[in-house]
Amino acid sequence: MHQTLRAALWALWALAPALASSAPCKPAPLGDTVLYLRGGLNNWAAQDEQAFEYRCDAYYLNLNARGTQAFKIADEEWTATSTFGGNAEGQPQRGAPANLERSFSGTHTLRLRLNADGRGQLQVGPQTFKPTPPRPIRDRAALTTHFHSREAEFKTPFGAQPAGTEFTFRVGNDVPGLKRATLVVERRRLTGNQEQLAYDPLARIDMTPESRGMGTGFSARYRFAEPGVYGYWFELETAQGRYALQNNKDTIYWTREKGSMGAASVERLPAQDKRIRRYRQTIYAADFQVPAWARDVVYYYVFPERFRNGDPSNDPRPGGGRPQDRYQDRDVERHARWNEKPFKPGTGDGSDALYNNDFFGGDLAGLIQKLDYIQSLGANALYLTPIFRAPSNHKYDAADYKQIDPAFGSNDDFLRLCVEAAKRGIRVIPDTSLNHVGADSPYFNRFNNFPAGGAFDNGRINPASPYANWFKFKPDEKDPDKQFQGWVGVTDLPELDKNSPSFRAFAYGDDDSVTKLWLDRGAAGWRMDVAPWVPDDFWREWRRAVKSRKADALTVAETWFDSSKYFLGDMFDSTMNYIFRNAVLDYAAGKSGAVMAANLELMREAYPPQAFSALMNLLSTHDQPRALHHFGEEQDLALAKRRLRLAVFFQMTYPGAPTIYYGDEVGVGGGDDPYNRMPYPWADQGGLPDEALLADFKRLTQLRHDLPVLRHGTLQAPLHVDDQVVVLARQDGATWALTATNNSPVPRTVTVTVPPGVTLLQDGLTNTPVRVNDSRLQLVVPPLYGRVLTTTLP
């Protein structure tokens, strides 16, 4: 198309809202429903910044993005009637399973038109749309009314508290005009992977006026009697109207609800309560305990198939005729060399069209061989992705929960691993999914690789199977793929009916259940896959089974969002901390320290302290691109490693359990699956591990072990936060530690007020003394690194 004609068409399209305004406007096809662009660029969340605005005949959104982006268009709840995927033509269609994809090169306007039949038309052009600005608030009495959830002036006590705790809330301002304030308390309902989020009213409390200079203050008390996650906010009334004093608009990684808590914001009282941003209050069971050893853990996190091949005799091999030599109904693929890239279908690497069927030969014997290495790194807990029999390389498609996969060794090898690890002070924590099994398993038996008796023998429903009630079938469907529910639509992973009494007995109820059996065999606890897809009452019963079998066993959930609901004392002790991961990686990559601090402060306030100190603080995982990839390894590897070093420094000096994903410590990078699962580059296999980076990791893990305050110290409110520098304070009895990090490529100098009584500090890395003058400390923070200062050293 000629450039002049294209420009003219875009100009005409840009005028569409104005032209439409001269003609009768059509009502929004979805009424008051707000649509969001939800995709990889925002962690698939419903963010205000990516909300469409309806104008006369279409929905509009201004978006700043680069590269090809995959996304869907949906409301906050992924409601079926308001969720639009991509159809065969790549256009939005209600219920279409595929993602939409578009390429962006900066700022654009998206225009979405919807038809009555659920089909749509999405156009992307230059930015031309002018959103309707919010109506400004000029009511001084409302605008100056303050609340801060982390300051004792406004709320006591701080943070998550046990059931039965009474709280005092205060709001107020310093100008006249505030007539009335009401404390609104509600109970939160959150189910699944945040599909349902709602608040049920509990109390509306008229707050008591208090003298406050020229203005007015109000106070109220409320006792939270039962464990739960609650919401609260304040309704204000002035001569000019009614307002909501509510949580701020900060985005929390992976979390549907907005707001990092802390300082409140004021907005006009919305017509719909669901638009209010609640503060959250976690109330946990008074007897909630987390194993005492959890706060001292440094995890080494291993994807066993890619760590070390200690026994080549059990390696999967095409045509071998053993269980590990077949993937479903065909042979496996085997890598000829240890340091090859994992295969990815469709990339021209010579592999077949299947995912997760290529093998390098890593096993438990290899782990046992390298326990001394893991110990030398400073790790004292070994987290293993699944090791039970399964056809894939990742083993989340369980074929036998009670047997070690033959490619990894035997049950005796697991016993030996636990014994040898214990000799080195290392605990072993396995992983499995109790949400789904493999289609190629005796429980399901779709490929007829097991004796008859599976619930879906040879692709047919078998009502006589002892496992039949583990699944929900749809016999009326003709297509076998539609006769059962695959987890998130993946037919290789038939979803279990977690309400089946038979399955619950097998999973945790029986004396030889999966949960109890592996604890008896030496496991120190469990990491549980896709926890939000499993009912809460299942996890409550499961926790009781775990703790009754081994009281100090640790329970870790795979949750990515704000996990407060799992830390009430009846489900989990800890979680894989993806909020931490994203916050720290973005900060170390150069984004604002204030964004990181907001996300971390939310968890300090929302999580019970015993859970907060046990969180599995990640940087890389087998489900997300590695840290070095996030830091731009392909553009500047040396700089990416400096940024990784900064992230590890922060990780090792922060509360929780630092988690090292195998290979990060020697410079392994890689993007999305499968490249985030590269083999460890052992030198005797031709690899080139970065020994200097490894030495940095060891130095930092040793620093953490040497300074108990870094493991046990209570985290205070930040002493300083700006775009580059974050200074935190920790207290463990009479010992204080100050940690400072700098994400700038040049040194930065900041001055902070130290806690009372702190007059002399010592640098934890150099052992040099640092004096404090009149409670003020000037800190020079090195580029892309940090400092640790303590009042006492061992």
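Quick note: the sequence shown uses our numbering, first residue 8, plus one each step. Every residue gets a Cβ at the ideal spot worked out from N, C-alpha and C, and that includes glycine. Because the structure is a prediction, the values reported are computed rather than measured.
Per-residue DSSP class, three states only, for residue i
i	result
asparagine 749	strand
tyrosine 260	coil
proline 487	helix
isoleucine 468	coil
histidine 153	strand
arginine 109	strand
tryptophan 743	strand
glutamine 617	helix
lysine 186	strand
glutamate 698	helix
alanine 81	strand
glycine 132	strand
alanine 251	strand
leucine 625	coil
histidine 115	strand
arginine 737	strand
histidine 712	helix
alanine 14	Here the model assigns alanine 14 a pLDDT of 46, short of 50, so the residue's position is not dependable, and the following value carries that caveat. Three-state DSSP puts alanine 14 in a helix.
serine 555	helix
isoleucine 764	Here residue 764 is glycine; the residue named in the question, isoleucine, does not match the sequence. Glycine 764: coil per DSSP, three-state reduction.
Exposure label - residue i; buried when at least 16 CB within 10 Å
i	result
alanine 14	Residue confidence for alanine 14 is low, a pLDDT of 46 falling below 50, so the modelled location carries little weight; the figure read from the coordinates is stated next. Classification for alanine 14: exposed.
methionine 221	exposed
lysine 841	With the chain covering 8 to 801 only, the question about residue 841 has no answer from this structure.
glutamine 296	exposed
arginine 287	buried
aspartate 703	buried
proline 140	exposed
proline 754	exposed
asparagine 835	For residue 835 there is no data in the structure shown, the boundaries of the chain being 8 and 801.
arginine 547	exposed
proline 24	In this prediction, proline 24 has a pLDDT of 49, which is less than 50 and means its spatial position is unreliable; what the coordinates show is noted afterwards. Flag for proline 24 reads buried.
serine 110	exposed
arginine 832	Residue 832 lies beyond the range of the chain shown here (8 to 801); nothing can be said about it.
glycine 39	Here the sequence assigns aspartate to residue 39, which means glycine is not the residue at that position. Classification of aspartate 39: exposed, given that the 10 Å Cβ count is below 16.
glycine 238	buried
glycine 677	buried
proline 615	buried
Integer-rounded CB distance, given that residue j should sit under 8 Å from residue i
i	j	result
glycine 368	proline 319	6 Å
aspartate 168	leucine 129	Correcting the residue identity first, residue 168 is glutamine in this sequence and not aspartate. Actually they are not in contact, since the Cβ atoms of glutamine 168 and leucine 129 sit about 47 Å apart, beyond 8 Å.
valine 305	arginine 711	7 Å
arginine 101	glycine 125	3 Å
asparagine 200	tryptophan 533	Between tryptophan 533 and asparagine 200 the Cβ distance is about 20 Å, and since that is not below 8 Å, they are no contact.
threonine 289	phenylalanine 574	7 Å
glycine 576	alanine 292	3 Å
glycine 373	glycine 461	With a Cβ gap of about 32 Å, glycine 373 and glycine 461 do not count as contacting.
Reference residue i, options the options, closest by Cα
i	options	result
glutamate 56	Tyr43, Arg62, Cys63, Trp567	Tyr43
proline 449	Arg431, Ile436, Tyr474	Tyr474
glycine 60	Thr746, Gly266, Ala35	Checking the sequence, you will find glutamate at residue 60 rather than glycine. Residue Ala35 is the option with its Cα nearest to glutamate 60.
glycine 248	Ser272, Gly184, Thr198	Gly184
aspartate 322	Arg337, Trp345, Pro539, Ile468	Trp345
alanine 87	Gly793, Pro662, Leu37, Pro133	Leu37
tyrosine 229	Pro437, Glu173, Asn469, Glu672	Glu173
leucine 592	Asp580, Met578, Thr582, Leu607	Leu607
glutamine 631	Ala372, Ala595, Arg684, Arg285	Arg684
alanine 65	Thr116, Pro688, Arg315, Gly317	Thr116
lysine 402	Gly355, Tyr334, Ala372, Val426	Tyr334
alanine 360	Lys348, Tyr380, Val339	Val339
alanine 299	Asp580, Pro789, Pro725, Ala103	Asp580
Distance CB(residue i)-CB(residue j) smaller than 9 Å
i	j	result
threonine 439	phenylalanine 478	no
glycine 409	leucine 524	Correcting the residue identity first, residue 409 is lysine in this sequence and not glycine. Contact: yes.
alanine 664	alanine 301	yes
leucine 500	phenylalanine 510	no
methionine 2	valine 563	Examination of residue 2 is not possible in this model, given that the chain is present from 8 through 801 alone.
glycine 639	glutamine 731	no
leucine 768	leucine 745	yes
phenylalanine 136	asparagine 69	yes
leucine 243	glutamate 84	no
valine 426	glycine 328	no
threonine 498	aspartate 483	no
histidine 153	asparagine 180	yes
Closer than 8 Å: residue i CB and nearest the ligand GTP heavy atom
i	result
alanine 613	The model on display carries no ligand, and the ligand GTP is accordingly not part of it.
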